[in-house]
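The structure appears right after this line, and notes come after that.
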Amino acid sequence: MQIQSLCSRIDQARFGRAQRMLKSMSLVALVLLLGVKLSGCGSSRNPDREAAEALPEDQKLGGFKFEILPGSQLSLRAGKLEGDGQIRVASPMIKVNSGHNFYFKFKIEDGGELRVQTFARADLSGGVELILRRPAGAEQISVALMVGTEERDYTALLPRFAANDVHELWWDVHNNDGDQMHTVLWNEAQGDELLEDLVPMQGVGVQWGVRLRSASLLGLDRQEVRDRHE
Amino acid sequence: MRSAARERFVSLLPLASVFAGALLLPWTSQATSMSQASSMPVASSSDNSSDTVARAVSSLPIDIFAAVDLVGPFSMDQDSQNRWVPRSAEFSFSGAIDPMFDGALVFAGHTESDEFKFGLHEAYVGSTRLIPQSRFKLGKFLLGVGRLNQFHQHDWPFITAPKVHRQFFNAGAGVVQAESAADSGVEYTWNLPTEAVVDLTLGVTNGYCFGHCHTEGQRPIHPLVYAHPTLFIENETSGGHLIGATYLRRSDSVGTITELVGVDWTYKFREARRLKWLVQSEAYLQKRRRSGTDNVEQAGLYVYPQYAWDSSWSFGCRLDAFSELSLKFVSTGERRADLDYAIVPTLTYRSSEYLMFRVAYAHEVDTTEGVGDQRDRQFMLQAVYIMGAHPAHDF
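Top line first, the protein sequences correspond to chains A and B. If you count the first sequence from 1, you need to add 333 to reach my numbering. If you count the second sequence from 1, you need to add 514 to reach my numbering.
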């Protein structure tokens, strides 16, 4: 009965009425959009930025302030962070379902390790980690991806990273690629794109940081993704 | 009364059996359905009726066409992707397999990251004649949910998908490349025995890959299921309203559950050969949850009114909105306002039903509380041509 009543009313609508209805709806939609725009998103208030600004001004690498997590023995001198410990960058990603490119410049001592942790919780767990390792006595750096409890070794697939050198890597992490996480690794000094992989999970948070063990971090940056899937 | 009740019961049996079968079958069901198909009785070569079937089959119509979609995005804010690309090239075969069953086979290639990748887009067998007041398809197909998702890119009334479609049906794909979600499984549509034109579509698919996938994906914990009831209200003149609702539920291999609900409304008004008015809109709410993490809640909509002066020229303006409702500041846990919106005026010229040119301007703004607005302004050109017989869409 309700459907018949609705059909009857629609059937009776004349063209002019339909046209006015459509014009009104478009106007309402436009007003709604403008209203939402004016109502909230123009605010410059940002508690996350305020928290970062409260950190010491000299505790910064690559323009990003960071927090040194408890139990760390790290020193920062002349733009070089070295030692054993973990930092959490005080500029979290805005959305979990997003993609970013992470740049880092590093050197690893004999037996040392450096981990870049992305899309993680506050304690830097639950995300995706890129692990760079220099086993004792080894002549090259090994590269692996830690996803949950699974470690995927990419060393054999990559050009040789000499153990004693300073290296730079650009790492795309797409935490918004459907149900999988898409990662791409670049090294412009060694032929640009090095590796592309998909991992069967997504990071669970918006925090990112670095864990060092007998290693030094000389540069750090975060930008938009390089691989835009266009 | 009894005969009406019996009729209703009989018409419900196919629906119940399809759903029961889909739930009971191991849901890597393609292998099972293939073995079932191969065990179906086949007429022997000595059977005289096989000659009749062969003659009938050879005269059945098949639509064959090729469609090419060329797009040229020219961004004023991110010029790295400014170039003409053949966004897609599609070869399609569809029509009757035999007097009872229909089939479709669609190959499509897409440009992505400077590579043109070709693959199977759709391949399914179905029937509109086997089960009364019903149609079904089995295979790989565009999911029968929403409005835009049921069409290939070259059939869309605008050049690129609105953000709500990109995020919920093709997450990870770029603005230009985002297309409709397809999967492999079974879909059944029942035309309800009511005076109003009401359809109920139900589907169960593998769920390995949803949206933009670089690989075949991983086995999810549960298959993907969806429902899409629709109501069609016809105008006195040619046209009408098609109103639908969508529910979709899927999981991934690590236990993330995603639920999507939405409504869609399409209005068409025709005068002779001219689609004088088209209004197309969809709105969705998605919730994603995984143990040990905060739930993610997002919502979006678009409205696209379009007016045509004649059979060649039309103009429309799409309004998009998208928001992550669960966004919070990390340091305080307070809710963080978020709204992405876009205005996309679009001008279309149709030389014929086989050739179309389009120009649009997309003004997209990403606003999040506490950070500056991010703008992406693009001019876009599109040319679509079809060679062959393109089957008409239902509405």
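From the three backbone atoms N, C-alpha and C, an ideal C-beta is built for every residue, glycine too.
### Query
In chain order, what residues of the same chain lie with their CB nearer than 6 Å to the CB of B/Y875, ignoring the 5 residues before and after it?
So the list reads P859 and F893, once near-sequence residues are dropped.
### Query
Any chance the region 451-466 of chain A sits against the region 385-399 of chain A, with 3 or more Cβ pairs inside 8 Å?
The way I'd put it, the region 451-466 of chain A doesn't touch the region 385-399 of chain A; fewer than three beta-carbon pairs between them come closer than 8 Å.
### Task
Could you please give me the residues that DSSP links to B/E636 through a beta bridge?
Bridge partners of B/E636: B/V620.
### Beta-carbon gap between A/D505 and A/G552 smaller than 8 Å
Contact: no.
#### Entry: Residues of its chain near A/E472, where Cβ-Cβ distance is below 8 Å and the 5 sequence neighbours each way are ignored
Excluding its 5 nearest sequence neighbours in each direction, A/E472 has C-beta neighbours in its own chain below 8 Å: A495 and A496, listed in chain order.
### Task
Could you pull out every residue in the same chain whose Cβ sits closer than 6 Å to the Cβ of B/A903, ignoring the five residues on either side in sequence?
Only D577 and F579 meet the Cβ criterion.
### Query
From this set, A/M534, A/E483 and A/L465, which residue's C-alpha is nearest A/L502's C-alpha?
Comparing Cα-Cα distances from A/L502 to each of A/M534, A/E483 and A/L465, the minimum goes to A/L465.
#### Entry: Partner residues on chain A for B/Q843, Cβ-Cβ distance less than 8 Å
The sequence as given places Phe at residue 843 of chain B; Gln does not occur at that position. Neighbours of B/F843 on chain A, chain order: N379, P380 and D381.
### Query
Based on Cα-Cα distance, which residue from B/L853, B/A692, B/A603 and B/L584 lies nearest to B/G725?
Closest option to B/G725, Cα to Cα, is B/A692.
#### Entry: Residue from B/S828, B/R832, B/G806 and B/S805 whose Cα sits closest to the Cα of B/L815
With distances taken between Cα atoms, B/L815 lies closest to B/R832.
### Query
Whole-angstrom Cβ separation of B/L839 and B/Q812, contact assumed at under 8 Å?
Contact holds; Cβ gap of about 6 Å.
### Query
Shortest alpha-carbon distance to B/S698 belongs to which of B/R661, B/G660 and B/E636?
Of the candidates B/R661, B/G660 and B/E636, the one whose C-alpha sits nearest the C-alpha of B/S698 is B/E636.
### Query
Is there at least one Cβ from chain A nearer than 8 Å to B/A759's Cβ?
Among the CB atoms of chain A, none fall inside 8 Å of the CB of B/A759.
### Task
Would you mind reading off the limits of the beta strand (DSSP E) that contains B/S820?
For the sequence presented, residue 820 of chain B should be read as Gln rather than Ser. V810 to A822 is the span of the beta strand (DSSP E), which, as asked, contains B/Q820.
### Query
Taking 8 Å as the CB-CB limit, is B/F665 close to chain A?
Answer no: the Cβ-Cβ gap between B/F665 and chain A never drops below 8 Å.
### Query
Beta carbon of B/S825, beta carbon of B/Y863: below 8 Å?
Taking 8 Å as the Cβ cut-off, B/S825 and B/Y863 do not qualify as a contacting pair.
### Task
Please report how far the alpha carbon of B/M614 lies from the alpha carbon of B/V620, in whole angstroms.
Near 21 Å, if we compare the C-alpha coordinates of B/V620 and B/M614.
### Task
Label B/D713 either buried or exposed according to how many other C-beta atoms from any shown protein chain fall within 10 Å of its C-beta, with 16 as the threshold for buried.
Residue environment for B/D713: buried (at least 16 other C-beta atoms within 10 angstroms of its C-beta).
### Task
Find the nearest neighbour of B/T882 within the set B/V873, B/Y868 and B/F836, judged by alpha-carbon distance.
With respect to the C-alpha of B/T882, the residue from B/V873, B/Y868 and B/F836 having the closest C-alpha is B/F836.
### Query
For A/A423, is the classification buried or exposed, using 16 other Cβ atoms within 10 angstroms of its Cβ as the cut-off for buried?
A/A423 should be labelled buried.
### Query
How many Å lie between A/L490 and A/M479 at the Cα?
A/L490 and A/M479: Cα-Cα distance of roughly 16 Å.
#### Entry: Terminal residues of the beta strand (DSSP E) in which B/A759 lies
For B/A759, the uninterrupted beta strand (DSSP E) run begins and ends at G753 to S765, by DSSP.
### Query
Leaving out the 5 sequence neighbours to the left and right, which residues in its chain are closer than 6 Å to A/E484 when beta-carbon positions are compared?
Its chain contains A477 as the residues whose beta carbon lies nearer than 6 Å to that of A/E484, once the 5 sequence neighbours on both sides are disregarded; these appear in chain order.
### Query
For the alpha helix (DSSP H) that B/V678 lies in, which residues bound it at each end?
It spans K677 to F683 - the alpha helix (DSSP H) in which B/V678 sits, taken as one unbroken run.
### Task
Could you pull out every residue in the same chain whose Cβ sits closer than 7 Å to the Cβ of B/K631, ignoring the five residues on either side in sequence?
The residues are G623 and H624.
### Message
Going by beta-carbon coordinates alone, are B/G660 and B/E796 separated by less than 8 Å?
### Response
One thing to note: B/G660 has its Cβ within 8 Å of the Cβ of B/E796.
### Query
Between A/D381 and the rest of its own chain, which residues show a CB-CB distance below 7 Å, the 5 nearest in sequence each way excluded?
Result list for A/D381: P425, in chain order.
### Query
Should B/Q892 be flagged as near chain A, meaning a C-beta pair shorter than 8 Å?
No - not a single Cβ of chain A is within 8 Å of the one on B/Q892.
### Query
Since A/E446 is in the beta strand (DSSP E), which residue starts that stretch and which ends it?
Here the beta strand (DSSP E) through A/E446 covers G432 to A453.
### Task
Find out if the Cβ-Cβ distance for the pair B/D583, B/Q667 is shorter than 8 Å.
Contact flag set, yes.
### Residues near A/R559 in its chain [Cβ-Cβ closer than 6 Å; skip 5 each side]
Around A/R559: N434 and D505.
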